[in-house]
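Everything on this sheet refers to the single structure shown next.
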Amino acid sequence: MRKRFLLSLAMGLVLGLSGTALANKSPERRKAMRDLSYEAQAQRAWSSPAAGDGEKKSSWVFIPEFHFSHHGNLKTTLNGSALKSDSGHSTVGSFTVIASKPFTDWFTLSFMYQYGYSNYDGGLLTPDIDGFGGSSDIDVTAHLMGFVSNFEFPTVGKIEFSLLMVWDIYDGAETIVYPGGATETRSVDQFDDRLISFLVWWDKDFPLAESWTIDPYLGWRSVHVVLKDMNDWQGAPGDYYSDSAWTHLLSGGVKLKYGAFPWGFTARVGANRRVTKNDVPGYASRAQAPGVVNLGWMTSWDRTVVSWGAGVSYVAPDVAVVELGYNGAAGADTNYHTLSLTLVVPF
């Protein structure tokens, strides 16, 4: 009985929001790891429905963003173990810099770097047994860099490929509450991860009227994450190990765009489906549409989410494009919101 109790406890703790994985290292258990992390997508380059003549130019893109996510009380079963967590919320501030250069009328290559800082305050996944509980207070510092290539064809539409690498560094602690009221706190300062993300988008503009355009889009994302120096909750404090996992997601939706130079307006609705089945706890990103990523804790918990967004842009010819945007998403247990300001400067 005691062995079963300890095993159930360990399984809950190592699925905690710090990104700690299951201490059981079998292939079946690895599927339950948190396997998504920080990512952003390149915003549209210089040419846009509001850009007048549509001439492609090399450009710098600067994007400060603020992200907020919230989840309610959670219950799930991962690999046969019933788990629960209290509600929580996270905030993320990020700043992205993109250098974009068109090489031909149909091919543009961009390099991007992003810095982000996140805080989570909320529950901890523990066994779904009366008396268990927990809390988390965790910060994450993230660095992203990689390449984005855009291909644009009159008949096929626009195709975007991105290959990005991410480094996440954790700080803070998690506290478990045992039946009877005893508590234990462990630091997550030793934990970090490395992530490689491949993503492809397709979208195509279809004119509706002189100033109106409809733009359907589809996307696929594959993510491989390596988790390093995780707490081994089956061992003593200070025992760590590493592991890795894959996750795949599918996105689709439609944008409605209005352009009357120098102003442009967009509205969007879509959905995102995690193809892999197990719930994904912890800090993650969710790429919803071309140029749209929500960041925060539990953003990949719900297998399916509905997403939406709106934006307004202004073009100062040969000077800059400024865009203010909002993008949100919600599933059965989570919701998240992002405000962004995009500045595109030609060179």
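Just so you know, we're using our numbering here: the sequence shown kicks off at 833 and counts up by one. Yeah, the Cβ is synthetic: ideal placement off N, Cα and C, and Gly gets one too.
Rounded to the nearest angstrom, how far is the Cβ of T940 from that of P934, given a contact under 8 angstroms?
4 angstroms
Beta-carbon contacts of S922 that lie in its chain and below 7 angstroms, excluding the five residues immediately before and after:
Around S922, the same chain offers S901, S950, N951, Y952, G1128, W1129 as residues with beta carbons nearer than 7 angstroms, after the five sequence neighbours per side are excluded.
Here's the rule I'm using: 16 or more other beta-carbon atoms within 10 Å means buried, otherwise exposed. How should S919 be labelled?
Flag for S919 reads exposed.
At the level of alpha carbons, what is the spacing between T1079 and I1028?
Each residue's Cα considered, the two are about 11 angstroms apart.
What residue range does the beta strand (DSSP E) around K933 cover?
920-934
V1137: which of P1122, T1131, G1163 sits nearest, CA to CA?
G1163
C-alpha distance - V998 paired with R1118, whole-angstrom precision:
14 angstroms
Could you check if K1089 is buried or exposed, using at least 16 other CB atoms within 10 Å of its CB as the buried criterion?
buried
Per DSSP, which one or two residues make a beta bridge with T1131?
DSSP lists no partner for T1131.
Relative to the C-alpha of T1131, which residue among D1150, D1165, P1122, S891 is closest?
Nearest C-alpha to T1131: D1165.
Close beta carbons around D962, own chain, < 8 angstroms, minus the five adjacent residues each side
P1011
Once DSSP output is grouped into helix, strand and coil, what is the label at K863?
Low local confidence applies: a pLDDT of 33 at K863 is under 50, so the model's placement there is unreliable, and no value is given.
Using a 10 Å radius around the Cβ and a threshold of 16 neighbouring Cβ atoms, would you call R1100 buried or exposed?
buried
In angstroms with no decimal places, state the Cα-to-Cα distance between G1123 and D1061.
32 angstroms
With H, G and I counted as helix, E and B as strand and the rest as coil, what does DSSP make of S890?
In the structure shown, the three-state DSSP call for S890 is coil.
In the DSSP assignment, what residue or residues form a beta bridge with S981?
L941, F993
With the cut-off set at 8 angstroms, would you say F979 and F943 are in Cβ contact?
Against a cut-off of 8 angstroms, the Cβ pair of F943 and F979 comes out as a contact.
Between which two residues does the beta strand (DSSP E) containing T1108 stretch?
That residue, T1108, is in no beta strand (DSSP E); it is neither H nor E in DSSP.
Go ahead and label I1001 buried or exposed: buried means 16 or more other beta carbons lie within 10 angstroms of its beta carbon, across all protein chains shown.
exposed
DSSP state of L854 mapped onto helix, strand, coil
In this prediction, L854 has a pLDDT of 31, which is less than 50 and means its spatial position is unreliable; what the coordinates show is noted afterwards. Reduced to three states, the DSSP call for L854 is coil.
With 16 other Cβ atoms within 10 Å as the buried cut-off, status of R1105
exposed
Assign Y1168 to one of two classes, buried (16 or more other C-beta atoms within 10 Å of its C-beta) or exposed (fewer than that).
buried
What are the boundary residues of the beta strand (DSSP E) that includes G1157?
1152-1162
Can you tell which of D937, N982, S913, P896 has the C-alpha that lies nearest to the C-alpha of N1110?
Put simply, of D937, N982, S913, P896 the residue whose alpha carbon is nearest the alpha carbon of N1110 is S913.
Under a three-way DSSP split, which group does G1070 fall into?
coil
Quick one: give me the first and last residue of the beta strand (DSSP E) that D1165 is part of.
Where D1165 is concerned, there is no enclosing beta strand (DSSP E), given that its DSSP letter is neither H nor E.
May I ask you to list the residues that DSSP assigns as paired with S1043?
Paired residues: none, contrary to the question.
For S1083, the nearest candidate out of D1035, G1157, H899, S1074 (CA to CA):
D1035
Since L1178 sits in a beta bridge, which residues does DSSP pair it with?
The residue asked about is misnamed: residue 1178 is Pro in this sequence, not Leu. Note: P1178 sits in a beta bridge opposite S891.
Mapping DSSP to helix, strand and coil, what is D1021?
coil
Mind checking who T1015 pairs with in its DSSP beta bridge?
V1009
Expected contact under 8 angstroms - CB spacing of A1116 and G1102 to nearest Å
That pair is no contact at about 18 angstroms.
C-alpha gap between H1056 and G948, whole angstroms
Cα to Cα, the separation comes out at about 20 angstroms.
Looking at A1041 and the ligand FAD, is the gap between the Cβ and the nearest heavy atom below 7 angstroms?
The ligand FAD is not among the ligands present in this structure, which contains no ligands whatsoever.
6 angstroms Cβ shell around R1135 - same chain, five flanking residues per side excluded:
R1106
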